[in-house]
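Note that the working numbering gives residue 138 to position 142 of the sequence shown, counting from 1, and the numbers run on in steps of one. What follows is a single structure, written as structure tokens, with notes after it.
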Amino acid sequence: MSEQTTEKAEPKGLPEIVKDAFKELKETFIAFFKAPKALWGINVPYIIEGLVYFGILTILGKYSSENLSVDDAQAGLIYSFVTGGITFSMLILGGVSDKIGVRKSLALAFILFLTGRFFVALSGSLNMGSGLWSPMFFMMTSGLLIMVIAYGLYQPAAYAGVKRYTTPKTAAMAYAAIYGFMNLGAFFSGFISSFTRQRFEDVFPPNGLTAVFWVYVGLTFVALLVSLIVLSKKNDTAAVASIRAGAGDASSDDDEKYIAPKINNIPLIAYAVVTLLLFLFSGIALNNPLNADYAIQIVGLNINLDLFFILSAAAFALTIFEFLRKRPLHPFRDKRFSLFIFILIPVQTLFAHNWLTIPYYLDRAFAGSFIGNYFEVFSNLNPILIFILAPLVAGLTARANVYRMMILGTTVMALPTFLLAFGPNPYLFLLYILLMTIGEAMWQPRFLQWIAEVAPKGMTGLYMGVGQFPWFLTKVITGFYSGWFLMHYCPINTLPANMNTEFMWLIYGLIAIVTPISLVLLKNWMLKGFKTKA
């Protein structure tokens, strides 16, 4: 056995580590901005779409209650239809971009966005009568349905496009940038919505929200034009050729096409229809004379079980089983991949609390203070911080191990929640937002990058659609209990001294910390079959 003569490298000091990190950051930024023009055909529309998407989510409930004149419970069902529908749409349509290509998928998505939002804006412009099942209701929900279908095409195609137009050197920065662009748009949506609503309140009574929807229609048209012009066939071909030339790859687009096996979907469609009908006849939706409620008590909590809702849940499980049974290559057939994306749900609840809890918390617990008076501004600090921090953190951690970054990032994101358990304090709140955002910037873009990179050739869109499923599921789950916690621990018309927001945030912190603890405990098993590339 030969003697080993290689000397161990001297450990670097902190100044040298920081210097090297910023050198790498500079090189990564340079490489990213030299990326193909086609990539900016994705980035620029993504900013606009982030603005419009989050802008619509912000005003949809108010529009449904005040303009459509449905009650709050019905308005909540409309909101659930949109977010839940997007989940299902991405799950079903996520693979379309793999079949028809990124350019066609994005163009089709924006055409559908434009059509759907036109109908939503038109519903508030014509005097058609309001209320549930009114002509206005059907026009608005038809527009929302078209918009939901468009999202099933859009986001998976956008991330597939980022993968298509980047190299291993620029990929981390590109995924972080597109994530940041979405947040940049979200930050500006509040300013545009507020100005437009107040300016046109007399033109579009009772609140000017219809004018906001028309502005969003115009912005969607701009996004469509940018996508068609910048993401042209010429730019697409040049970008792909440039990327492949740099990588020494002479393969053609034909190599990337995924030929899906022919599947008999009649049983799947039948199960899905039965699921929908059972849900519609449950007490949560329309109810029916045959339905029955069963009251049980668990650890002091009174729980009402709805017969038709339980049956619809069972039918939904059967639908999922039928869907996966005939698709052996589907991502959900990979137990490590499935567990990995679903174990992130606890920490992702903090994202949902950014609009489900924090605006109410600031308005009520900080009532009368500067933060309380301007709670909309402080509620939207996270998006602008993400826009700044996501590319910066990505550049500094581009070579870091993905799984390790997931553990560190989710830990940094979850732990600051316990700061709010000390009670309402402006400095602790600002520190929470800063640290939570740093944690988010550490793991969320890398998670999206990981999904795109572990996807088999020609299946990136499908994997991106599936990878987004837990996030939308998180929004639905969190919405079920966040209102209950606000009513009990941060109620309206109550003095801050009589609230118990400390316990509320303690519970939320305990929920969020489940993710990093689980990632640590499952590390050995996960890494045995953990893929970092397709």
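For each residue, glycine too, the CB sits at the ideal point set by N, CA and C.
For VAL218, count neighbouring C-beta atoms within 10 Å of its own C-beta (all shown protein chains included) and say buried if the count is 16 or more, exposed if not.
-> For this step, residue 218 is matched to residue 222 along the sequence shown. Under this definition VAL218 is an exposed residue.
Look at the Cβ atom of LEU149, then the Cβ atom of LEU89, and state whether they are nearer than 8 Å.
-> As a first step, residue 149 is located in the sequence shown; it is residue number 153 there, counting from the start. As a first step, residue 89 is located in the sequence shown; it is residue number 93 there, counting from the start. Closer than 8 Å, so yes.
Rounded C-beta distance between ARG360 and MET401? I'm assuming under 8 Å.
-> Counted from its first residue, the sequence shown places residue 360 at position 364. Counted from its first residue, the sequence shown places residue 401 at position 405. In fact, because the Cβ distance is near 36 Å, the residues do not count as touching under 8 Å.
Coil, strand or helix - LEU523 by DSSP | Here the question's residue 523 lines up with position 527 in the sequence shown. Looking at LEU523 - three-state DSSP - the assignment turns out to be helix.
Would you list the one or two residues that DSSP bridges to ASP198?
-> Start at 1 with the first residue of the sequence shown, and residue 198 comes out as number 202. For ASP198, which the question treats as bridged, DSSP gives no partner whatsoever.
Measure the C-alpha to C-alpha separation of SER375 and GLY120 and round it to an integer number of angstroms.
-> For the purposes of this step, residue 375 is taken as residue 379 along the sequence shown, with counting starting at 1. For the purposes of this step, residue 120 is taken as residue 124 along the sequence shown, with counting starting at 1. Cα to Cα, the separation comes out at about 28 Å.
Simplified DSSP assignment, three categories, for ILE292 | Here residue 292 refers to the residue found at position 296 of the sequence shown. Strand, per DSSP.
Just the C-alpha distance for THR407 and ILE188, rounded to the nearest angstrom, thanks.
-> Your numbering for residue 407 matches position 411 in the sequence shown. Your numbering for residue 188 matches position 192 in the sequence shown. Going from the Cα of THR407 to the Cα of ILE188 covers about 34 Å.
What number of angstroms, rounded off, separates the C-alpha of ILE38 from the C-alpha of PRO492?
-> Position 42 of the sequence shown holds residue 38. Position 496 of the sequence shown holds residue 492. Distance between the alpha carbons of ILE38 and PRO492: 45 Å.
Examine the Cβ distances between the segment 502 to 521 and the segment 403 to 417 and report whether three or more of them are shorter than 8 Å.
-> yes
State the start and end residues of the unbroken alpha helix (DSSP H) segment that holds TYR217.
-> Position 221 of the sequence shown, counted from the start, is the residue given in the question as residue 217. Position check: residue 217 holds Phe in this sequence, whereas Tyr was assumed. PHE217 -> alpha helix (DSSP H) spans 205 to 226.
Taking the continuous alpha helix (DSSP H) assigned at LEU444, which residues delimit it?
-> As a first step, residue 444 must be located in the sequence shown, where it is residue number 448. LEU444 -> alpha helix (DSSP H) spans 422 to 450.
With DSSP run on the structure shown, which of helix, strand or coil describes LEU64?
-> What you label residue 64 is simply residue 68 of the sequence shown in a count that begins at 1. Residue state, collapsed to three classes: coil.
Excluding the five sequence neighbours on either side, which residues of its own chain have a C-beta within less than 6 Å of the C-beta of PHE338, listed in chain order?
-> The residue you call residue 338 lines up with position 342 of the sequence shown. Same-chain partners within the cutoff: PRO466.
Under three-state DSSP, which class holds LEU381?
-> Taking the sequence shown and counting its residues from 1, one reaches residue 381 at position 385. Helix, per DSSP.
When burial is assigned at 16 or more other CB atoms within 10 Å of the CB, is VAL516 buried or exposed?
-> The residue you call residue 516 lines up with position 520 of the sequence shown. Burial call: exposed.
Within the same chain, show all residues whose beta-carbon is closer than 6 Å to that of VAL211, passing over the 5 residues directly before and after it, in chain order.
-> Taking the sequence shown and counting its residues from 1, the one referred to as residue 211 is at position 215. The residues are THR192.
Spatial distance of ILE103 from TYR161 (CA atoms) = Locating residue 103 in the sequence shown gives position 107, counting from the first residue. Locating residue 161 in the sequence shown gives position 165, counting from the first residue. What sits at residue 103 in the sequence shown is Ala, not Ile. Going from the Cα of ALA103 to the Cα of TYR161 covers about 17 Å.
If you run the structure through DSSP and keep just helix, strand and coil, what is LEU301?
-> As a position in the sequence shown, residue 301 is number 305, starting the count at 1. Reduced to three states, the DSSP call for LEU301 is strand.
Taking three-plus beta-carbon pairs below 8 Å as touching, is the segment 41 to 48 in contact with the segment 424 to 438?
-> no
Please determine, among TYR356, VAL40, SER308, the residue with the shortest C-alpha to C-alpha distance to HIS484.
-> Position 488 of the sequence shown, counting from 1, holds the residue named residue 484. Per the C-alpha coordinates, the member of TYR356, VAL40, SER308 positioned closest to HIS484 is TYR356.
For TRP501, does the three-state DSSP call read helix, strand or coil?
-> As a working note, residue 501 is residue 505 in the sequence shown. Reduced to three states, the DSSP call for TRP501 is helix.
Assess, as a yes-or-no matter, whether the segment 474 to 482 is touched by the segment 339 to 354 under the definition of 3 or more beta carbon pairs within less than 8 Å.
-> yes
With 16 other CB atoms within 10 Å as the buried threshold, where does GLU498 fall?
-> Working through the sequence shown from its first residue, we reach residue 498 at position 502. Under a 10 Å Cβ-count criterion, GLU498 is classified as exposed, with fewer than 16 other Cβ atoms of the shown protein chains found around its own Cβ.
Smallest Cα separation from SER278: which of ALA268, VAL269, ASP289?
-> Here the question's residue 278 lines up with position 282 in the sequence shown. Among ALA268, VAL269, ASP289, the Cα nearest to that of SER278 is on ASP289.
Identity of the residue in LEU122, THR137, ASN123 nearest TRP129 by Cα | One-based indexing of the sequence shown puts residue 129 at position 133. Among LEU122, THR137, ASN123, the Cα nearest to that of TRP129 belongs to THR137.
For SER126 versus MET135, is the C-beta distance shorter than 8 Å?
-> As a first step, residue 126 is located in the sequence shown; it is residue number 130 there, counting from the start. As a first step, residue 135 is located in the sequence shown; it is residue number 139 there, counting from the start. No, Cβ-Cβ distance for SER126 and MET135 is not below 8 Å.
Taking 8 Å as the cut-off, decide whether the C-beta atoms of LEU35 and ALA170 are in contact.
-> On the sequence shown, position 39 is the one that residue 35 refers to. On the sequence shown, position 174 is the one that residue 170 refers to. A contact, by the Cβ cut-off of 8 Å.
Would you decide whether ARG99 is buried or exposed? Buried here means 16 or more other CB atoms lie within 10 Å of its CB.
-> Translated into the one-based positions of the sequence shown, residue 99 becomes position 103. Result: buried.
Excluding five sequence neighbours on each side, which residues of the same chain lie with their C-beta closer than 8 Å to the C-beta of VAL158?
-> As a first step, residue 158 must be located in the sequence shown, where it is residue number 162. The beta carbon of VAL158 sits closer than 8 Å to those of LEU35, ILE38, ALA167, ALA170, TYR171, ILE174, ALA448, all from its chain and outside the five residues before and after it, given in chain order.
Could you check where the alpha helix (DSSP H) with THR137 kicks off and where it finishes?
-> As a working note, residue 137 is residue 141 in the sequence shown. Looking at the DSSP string, the run of the alpha helix (DSSP H) that includes THR137 is 131 to 160.
Let me know if TRP521 comes out buried or exposed under the rule of 16 or more other beta-carbons within 10 Å of its beta-carbon.
-> By 1-based counting over the sequence shown, the position of residue 521 is 525. Answer is exposed; the Cβ neighbour count stays below 16.
Secondary structure of LEU518, DSSP reduced to three states | Position 522 of the sequence shown, counting from 1, holds the residue named residue 518. If DSSP states are grouped into helix, strand and coil, LEU518 belongs with coil.
Contacts around ILE513, its chain only, beta-carbon distance under 8 Å, and the 5 residues preceding and following it disregarded | For this step, residue 513 is matched to residue 517 along the sequence shown. Closer than 8 Å at Cβ, skipping near neighbours: no residue.
Start and end residues, alpha helix (DSSP H) containing PHE109 | In the sequence shown, the residue the question calls residue 109 occupies position 113. Unbroken alpha helix (DSSP H) run through PHE109: 98 to 119.
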